[in-house]
Every structure is written in C-alpha cells, then in structure tokens.
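Peer 1: Residue numbers (our numbering): 18 to 111. Ideal placement from N, C-alpha and C gives every residue a C-beta, glycine not left out. Before I ask anything, here is the structure I am working with.
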Amino acid sequence: MSEPNRVAGGHKAALHNPNVSAEAKEHSRQVVEEIQGPGIVHDDGTTEPSSRPDASDKDENRVLGGYKATLKNPNVGDEAKQKAQQILEDKDAL
C-alpha cells in the first residue's frame, strides 16, 4: 500500500515538471486535492488550504507563532519581518 503523502508528492512534482501535459497536470491537481483536501493547488505544486470550517485553531496559532518567531530571528531580512508584522497586525495577534 502506498503512503498518501508520497503519492501527493509525486503528483506535486508532476505539476512542477514542464514536460508534463496540461491534461496530466489537471489529473495531478485533482489527485492532490483528493489526498490533501480541498484547497488551491498551484501549477508549481504548492497548495493553499481553502477556508474550511473544520480548520483547527491550533494550526492558526502555530502559523502566527511562526510569524512572531520571524520578528525575533536575526537571520531574517527586513522585508520578511515587515510582512510578518503586517500579518500579525491584521490578525490582531500582537
């Protein structure tokens, strides 16, 4: 039995491969959506979750925690820090 994450990874690779036909990319987009749930699958294989009512607050808190860590990380550029700051302000997380 294959692991769903590995199958999704293969289909994401197909989305990024310029030698794959448009039909095959569409099929891969559908398979990734079936495995990972509804969301936006970009041509480069990245996905964005759709606004699902069952999305947990824990995930949101982890994302916001990552943005807060970005603000304090000395290895992060000013532009990234400004973006993180803006996102946190928009979410009233500061």
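My assumption, with CB atoms under 8 Å, is that Lys-98 sits in contact with Leu-105. Please give the rounded CB distance.
Peer 2: Their Cβ separation, rounded to whole angstroms, is 11 Å, which puts Lys-98 and Leu-105 out of contact at 8 Å.
Peer 1: Over the uninterrupted alpha helix (DSSP H) stretch that includes Glu-20, give me the two end residues.
Peer 2: Per DSSP, Glu-20 belongs to no alpha helix (DSSP H) and is neither H nor E.
Peer 1: How is the alpha helix (DSSP H) around Val-49 delimited, first residue to last?
Peer 2: Residues 39 to 53.
Peer 1: Just the Cα atoms here: how many angstroms apart are Leu-40 and Leu-111?
Peer 2: Rather than Leu, the amino acid found at residue 40 in this sequence is Glu. Taking the straight line from one Cα to the other gives about 45 Å.
Peer 1: Return the residue from the list Val-80, Ala-31 and Arg-23 that minimises the CA-CA distance to Ala-42.
Peer 2: Sequence check: residue 42 is Lys here, not Ala. Comparing Cα-Cα distances from Lys-42 to each of Val-80, Ala-31 and Arg-23, the minimum goes to Ala-31.
Peer 1: For Val-80, count neighbouring Cβ atoms within 10 angstroms of its own Cβ and tell me buried if that reaches 16, exposed if not.
Peer 2: With fewer than 16 other Cβ atoms within 10 Å, it is exposed.
Peer 1: On a Cα-Cα basis, can you pick out the residue from His-28, Asn-34 and Gly-94 that is closest to Val-49?
Peer 2: Comparing Cα positions, the closest option is His-28.
Peer 1: Grab me the residues of Ser-38's own chain with a C-beta within less than 7 Å of its C-beta, minus the 5 sequence neighbours each way, in chain order.
Peer 2: Excluding sequence neighbours, Ser-38 sits near nothing in its chain.
Peer 1: In whole angstroms, what is the alpha-carbon distance linking Leu-20 and Arg-46?
Peer 2: One detail in the question is off: residue 20 reads as Glu in this sequence, not Leu. Rounded to the nearest angstrom, the two C-alpha atoms are 17 Å apart.
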